[in-house]
Structure formats: structure tokens, C-alpha cells
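Participant: Input: one structure, supplied below.
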Amino acid sequence: MNVSLELIAANLQKLLEETQRLREDVRDLKRQMEEFRGDRVQLGDEMTVLTGMVLRYSSEHIAWGGVQNQLKRLEERIARLEQERAGGR
């Protein structure tokens, strides 16, 4: 069986082009996954704010009070950390 070098070269060229196209697809998928991960983190923050607003406007005073207490504790912790940092300088 005789196979010409031109046929082999043409098939190798097609294989190379397909491989390059697949690599581009993989790069695009990786980029999209990175964007998705970033959006997911941001969405979590947005959901926290929206949940608090819903609790507040739906007269869920106890639940809203819990959110307020959590925010107050975070603010107090930040203030303590800032004081420690200022004292350490």
C-alpha cells in the first residue's frame, strides 16, 4: 500500500489545526470558569444584602435584629483590629 507524503502532510496539518482550535476552546472555558467564580463570590455578597433588606421590609424584626447584631459585631471587631494595628506602630 502506497501512501503519499502529501496525504500524510495534509492529515497532519488538519490534526494540528484541530488541536489548536481545541486549545483555544479550553482557554475560553478556563476564562469563563474564572469569571463564573468571580461572579459567584460577588453574588454571595449581594444575596446577603438583599436578604437583609427582605427581612427588614417584611417585618421580620427578630431576624433583622440578628443581621444588625452580626454587622455590629463585625464593626466592633474591625475597630479592635484597627486599634491594635495603630498601637503596634
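Quick note, the numbering used here runs 120 ahead of the 1-based positions in the sequence shown.
We treat Cβ as the ideally placed atom computed from N, Cα and C, and that holds for glycine.
(1) Would you kindly work out how many angstroms separate the C-alpha atoms of G207 and N189, rounded to a whole number?
(2) Quick check: the Cα distance between R205 and G185, rounded to an integer number of angstroms?
(3) CA-CA distance, G153 and T139?
Facilitator: Walking through what the data contain:
(1) 27 Å
(2) 30 Å
(3) One point to set straight first is that residue 153 is Met, not Gly, in the sequence displayed. Approximately 21 Å between the Cα atoms of the pair.
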